[in-house]
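Quick note on the numbering used here: the sequence shown kicks off at 691 and runs consecutively.
No residue lacks a Cβ here, since even glycine has one placed at the ideal position from N, Cα and C.
For clarity, every value in this text was computed on a predicted model and none was experimentally measured.
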Amino acid sequence: MYTVVGVSFKRAGKVYYFDPGEINLKMGDYVIVETARGVEFGEVVLNPREVTKDEIVAPLKKVIRKANPDDYEKNNENKRLEKKAFDICLKKIKKHELPMKLIDVEYTFDHNKIIFYFTAEGRVDFRELVKDLARVFKTRIELRQIGVRDEAKMVGGLGICGRPLCCSLFLRDFDPISIKMAKKQELSLNPSKISGVCGRLMCCLKYESTTYKRLKEEMPEIGDIVESDIGEGEIVERNLVKKTVKIDVGKDEYIILELDELNGYEPEE
């Protein structure tokens, strides 16, 4: 078994394991670690825990130190430099008339590299842009093309539910999502109703699917004949979240009842 802490470098970013060594760390602490792309400033998002060899990527790198005041200041300065780099890159993209949209800029903590994230419809020949940027910043330059889901995660925004986007708030990984999940949740298959701001199927279709599965097991099926206080009728609609059913009691009359108002109905075990 290996003792590790989980470290993330962005809000709702992917979690990486590091060896804390003799350093006493807890969730919420900030640390300096060495990664494949250089020294980085990250946040401990998982308390020390033991994991198996299969759960780590060897070799397991150690935490260099808990962040000190100078590290915090340098990280804040990097954030300010990233804003300036963003503006400079925008001007260079316009100069070279490149069909790309700049999304974000990230300095590594040790200034070993600057990463420019962008979206584009297809492949972009940005070799001259890289040369221009290298002359300005005098460090390694990486241009990384990302997808629309990654763009939404970086930029953030509000979903159709009125809440901040799940991907930018707490989802650390993108899981595969299919239209079948929307069908199983008995949602409208109108693309505008089940798509996020990125234009892809909403992430909540995936992580809410187990809840909908449980709710369906508690509810009667459409077409079932049930008893109510005003008589027998057929279920023609149901709302899984509100736990209500719409019952056709005949003569073009319909009633909407909550689950506990159905006489003698018990969910199947």
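Fully contained in the region 771-855 are the following beta strand (DSSP E) runs of length 3 or more, in chain order: 791-797, 803-809 and 830-835. Just measuring C-alpha positions, the residue of Arg890, Ile754, Gly846 and Val747 sitting nearest Gly728 is Ile754. The three-state reading of DSSP puts Lys700 in coil, since its state is none of H, G, I, E or B. Distance from the Cα of Gly718 is smallest, within the candidate group Arg890, Val838, Asn737 and Cys857, for Asn737.
In the DSSP assignment, Lys896 falls within the alpha helix (DSSP H) that extends over Cys894 to Tyr897. Assigned with DSSP and collapsed to three states, Pro759 falls in helix.
By the 16-neighbour rule on beta-carbons within 10 angstroms, Tyr897 is exposed.
Ser918 sits away from Leu949, with the two beta carbons spaced by 8 Å or more. Taking Asp914 as the centre and dropping the five residues before and after it, the same chain places the C-beta of Glu924 and Ile925 closer than 8 Å to its C-beta, in chain order. Cβ neighbours of Met909 within its own chain (closer than 8 Å, five residues either side excluded): Arg928, Leu930, Lys933, Val935, Leu949 and Pro957. Cβ neighbours of Gly847 within its own chain (closer than 6 Å, five residues either side excluded): Leu855 and Val887.
Inclusion of Phe776 and Glu730 in the CB contact set at 8 Å is not warranted, their separation being larger than that value.
Pairing Val697 with Glu733 gives a Cβ-Cβ distance under 8 Å.
Taking the CA atoms as reference points, Thr829 sits about 50 Å from Leu877. Excluding residues up to 5 positions away in sequence, Ile925, Val926, Glu927 and Arg928 lie with their Cβ nearer than 8 Å to the Cβ of Ile912 in the same chain. For Arg739, the beta-bridge partners assigned by DSSP are Val694.
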